[in-house]
């Protein structure tokens, strides 16, 4: 290969690079985006009263838990429970799995099922499983009881949670009155 061929190759590479730079500059001149000073759509965020902690939650819009439970579908709740059945059983006197047996869980003291080793966070939380507590726990367990061993991400849809709670209510706690529909 002689010098003339090397010059042609170098010239082609440099010419290509120059063409890319020139096209880029022409495109920037032809299409120069302008950004508005204000956003086109103002997104309003509810104020938490200056408290930025995770405990300050914005109230969820929509029907109350009582209204959702009044119209809940037990059959759908049983289907939703299939997500839970990998870790929980529901038979009366049933064995614990990764999680405790959930028969008659409504109005049962938290962390009280015999033979199950609960996390310290669950034990120290105390109280009983009310409709409201079950709803909050099923929504996002780690937010309701920080430090729980339950690794479930939660149920985002309020209807799914209500259906599941209605199903759990049929397991030995049907006499527990539903909360008032507001």
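Residue numbers (UniProt numbering): 1 to 182.
All C-beta atoms, glycine included, are put in the ideal place defined by N, C-alpha and C.
{"Check": "DSSP state of residue 95 mapped onto helix, strand, coil", "Outcome": "coil"}
{"Check": "Where residue 70 sits in the DSSP three-state scheme", "Outcome": "helix"}
{"Check": "Pair within 8 Å by beta-carbon distance, residue 167 and residue 65", "Outcome": "no"}
{"Check": "Nearest-angstrom Cβ-Cβ length linking residue 140 and residue 154, presumed shorter than 8 Å", "Outcome": "4 Å"}
{"Check": "Status (buried if at least 16 other CB within 10 Å, exposed otherwise) for residue 58", "Outcome": "In this predicted model, residue 58 has a pLDDT of only 43, less than 50, meaning its place in the structure is not dependable enough to derive any value."}
{"Check": "Whole-angstrom distance between residue 144 and residue 75, CA atom to CA atom", "Outcome": "26 Å"}
{"Check": "Residue burial classification, residue 120 (beta-carbon count within 10 angstroms, cutoff 16)", "Outcome": "exposed"}
{"Check": "Residue 40, DSSP secondary structure in three states", "Outcome": "coil"}
{"Check": "Where residue 72 falls, given that 16 or more other Cβ within 10 Å makes a residue buried", "Outcome": "buried"}
{"Check": "Span separating the alpha-carbon of residue 102 from that of residue 96", "Outcome": "9 Å"}
{"Check": "Beta-carbon contacts of residue 94 that lie in its chain and below 7 Å, excluding the five residues immediately before and after", "Outcome": "101 and 103"}
{"Check": "Residue 104, DSSP secondary structure in three states", "Outcome": "coil"}
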